[in-house]
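In my numbering, the protein residues as written are 251 to 639.
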């Protein structure tokens, strides 16, 4: 089976393809909308109450199709099942960074920064070296498996929604902060106290990432897959980066740049998902090769207008996945606020490579009239263009 071609794609998927190529589009393509309110998903997808829990995949995709989504990279139909009206209901919701009572890894109790270092040196570093040695980026079977997985997903999505590569450790790999493994407190103390150990970790992660990204880039080129990946790792809160930006300059950015180079060499555009206030990182990410941004928390200081005016390190326009705020406007605003924010995003967004959606997943409790207004606005800009009627 060959790649998903422009001729096979429906109009909405073609719009996404053109935007990926930074071509002018008659309308503005709609990016995925991950809504966690199950009754609203069922209603908007045209299914009855109880349908989502019985068949989440069908309702999830019917919803994306019904609202006119043009591109979907992260396929997460099970996510709404973990959240009820009062928040997370899943037993797995409490883990290292979200309040786990204790963390024990390979027999080591992670109760101090020294325990973090011990676990890294005894278990993580040898494991990374072994895994890196075992990866052959040119393994034709591994490349073919990546291509086939994406083709199967494209078949599942159908002709109206373009499937873009996404998965961590298969299509996107780079050094990450390990707070999800060790918890924020002990990991960040270890980061501050033992920078040489942290850099060793980033270096070893990058060694592996270079090989994995070389394999992924080859699969994208040979499989005719979309040359765009949304990279995803939270590195900031509302105040700024989780760690001092100067330390990232010294021990993280060089290894990050090395890790993503295979994608850049293959012409794959990387779009960084933003959580928190990343303004200090934005120019550094661009210098490393990032070609766009998604998921802005405007209320935390992310200067959307300024970012949209920036250029890639080659002087080209950035790709922007703009979204109505899921932390302020959608849950707390009015339908008119939603309209105004959409208009602002369009007026100040780039002329090519612009997508519209929500800034992140939409949690339960958002007024239905605000979600309906969002969908109405996305439909308008997708079908009519940049004028707001």
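For glycine and all other residues, C-beta sits at the position ideal for the given N, C-alpha and C.
One or two residues paired with residue i in a DSSP bridge
i, result
"residue 543", "522 and 570"
"residue 401", "DSSP lists no partner for residue 401."
"residue 561", "567"
"residue 478", "519"
"residue 413", "322"
"residue 280", "606"
"residue 285", "612"
"residue 491", "486"
"residue 418", "422"
"residue 358", "355"
C-alpha gap between residue i and residue j, whole angstroms
i, j, result
"residue 357", "residue 369", "9 Å"
"residue 268", "residue 262", "10 Å"
"residue 271", "residue 509", "23 Å"
"residue 551", "residue 389", "44 Å"
"residue 636", "residue 554", "18 Å"
"residue 306", "residue 444", "45 Å"
"residue 516", "residue 544", "22 Å"
"residue 303", "residue 578", "28 Å"
"residue 464", "residue 384", "14 Å"
"residue 484", "residue 490", "11 Å"
"residue 471", "residue 533", "28 Å"
"residue 436", "residue 352", "12 Å"
"residue 563", "residue 446", "29 Å"
"residue 597", "residue 572", "11 Å"
Residue interval of the beta strand (DSSP E) (run including residue i)
i, result
"residue 608", "604-608"
Element boundaries [alpha helix (DSSP H), containing residue i]
i, result
"residue 579", "579-582"
"residue 427", "Element bounds for residue 427: n/a, residue is neither H nor E."
"residue 528", "No alpha helix (DSSP H) contains residue 528, which DSSP labels as neither H nor E."
"residue 293", "288-295"
"residue 621", "618-633"
"residue 314", "306-316"
"residue 264", "261-270"
"residue 586", "585-598"
"residue 380", "375-384"
"residue 535", "532-538"
"residue 366", "363-369"
Inter-residue CB distance, residue i and residue j (contact presumed, cutoff 8 Å)
i, j, result
"residue 327", "residue 286", "The pair is not a contact, with the Cβ atoms about 12 Å apart (cut-off 8 Å)."
"residue 476", "residue 415", "7 Å"
"residue 407", "residue 322", "6 Å"
"residue 627", "residue 592", "4 Å"
"residue 440", "residue 493", "About 11 Å separates the two Cβ atoms, so there is no contact after all."
| query | Which runs of the alpha helix (DSSP H), 4 residues or longer, sit entirely within the region 424-464? | reply | 429-432 and 434-443
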